[in-house]
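All remarks here apply to the structure that follows.
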Amino acid sequence: MKQPRKDGNSSHGDSIQQLPEECVVLAIGMTTPADACRAAAVCTAFRSVADSDSVWERFLPSDCDAILERAVHLVDFSSKKELFLDLAQEQILLGDGKMSFGLQRSYGAKCYMLSGSRLLDIAWICENIYWTKRSDPDSRFSKVAELLSVCWFCINGSINSRELSPGTHYAGYLVFKLTQDASGLSSPRQISFVEVGGQLVGSAHTVSLHPCEHASCSLSDGGKTLEPHEHKEEGGALVRYPRQRVDDWLELEMGDFHTDTSYDAEDVKMELHEFEELEWKKGLIIEGIEIRPKN
């Protein structure tokens, strides 16, 4: 049995170094970004290849260059690995700032957020007695949409599936916060759903824009473990509630869907509305709808 080398690397490292670089690139490129980082950290024989542009280009979307051309500001990077990690850390604004783009750190799937004030279709948004568009220091966008007063509302956004990563389980999340004097938004009779190609995905969801106040939200209910943002109300109705994000905004999952393994173009529509209880509502500040792989 061979003894380990004194430098801490086994003789397998020498064997690996004998492999053609193309083979190592192909092998690491078939894993995940996280695996590539581990390979670079634990094996010196892998390090130069695992950090190379040849490997990290495989983790970037095939149309990444075209997407970067739409960026509001020049995206500066010294390597494809740096570009990937930057996009996984913070989204960039595209076009004239109507949406943002980033990557999921684990697998490199595309993530987007549609600006609430500029890309979402919000009923009465053009009437300044009902809604206003204003700046917010916490937002990535130049403007957010703030609800002043309506008795019913309808919010929806759409994205073409060709913009997304194929063969991926996505969800749409309304990203928002509430003012201190917000009211009329706690009703559990609001509805959200997702349509792909004009067809409803699964079923509509009963939701509430006000955070859940029930301690049992994170407990098992009736043999089913509920997610922290779900609660079973009296009568058995399962209501989705928003949860806190690390950036201090709230997010409410509107629904989920799968993209096809091909790049067939279909419109993905995400909607949230409340038409039943005509109570006046105010204090909702919408940053946008985020589309990212479902947790």
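Just so it is clear: in the sequence shown, position 118 is 401 by the numbering used here, and no numbers are missing.
Where a beta carbon is used, it is the ideal one built from N, C-alpha and C, also for glycine.
- Under the three-state reduction of DSSP output, K364 falls in the helix class.
- Taking one beta carbon from each stretch, the region 550 to 563 and the region 423 to 440 have 3 or more pairs nearer than 8 Å; the two touch.
- Secondary structure note for I350: its alpha helix (DSSP H) is the uninterrupted segment C347 to L351.
- Going by beta carbons, F459 and I569 fall inside the 8 Å limit.
- Residue state for E534 is assigned as strand, using DSSP reduced to three classes.
- A319 has its alpha-carbon roughly 8 Å from the corresponding atom of D334.
- Using a Cβ distance threshold of 8 Å, R575 and Q372 do not count as a contacting pair.
- DSSP, reduced to helix, strand and coil, places W414 within a strand of the structure shown.
- Fewer than three pairs of CB atoms, one per stretch, sit closer than 8 Å, so the region 352 to 372 makes no contact with the region 402 to 420.
- S470 has its alpha-carbon roughly 14 Å from the corresponding atom of L461.
- By the criterion of a C-beta distance shorter than 6 Å, H356 is surrounded by no residue of its chain, once the five residues flanking it on both sides are discounted.
- Note: C437 is bridge-paired with H556 in the DSSP secondary-structure output.
- The alpha-carbon separation between G480 and S491 amounts to approximately 26 Å.
- Judged by beta-carbon spacing, R353 lies beyond the 8 Å limit of G391, meaning their Cβ atoms are not closer than that value.
- Boundaries of the alpha helix (DSSP H) around F342: D336 to F342.
- For S466, the secondary structure class from DSSP, reduced to helix, strand or coil, is strand.
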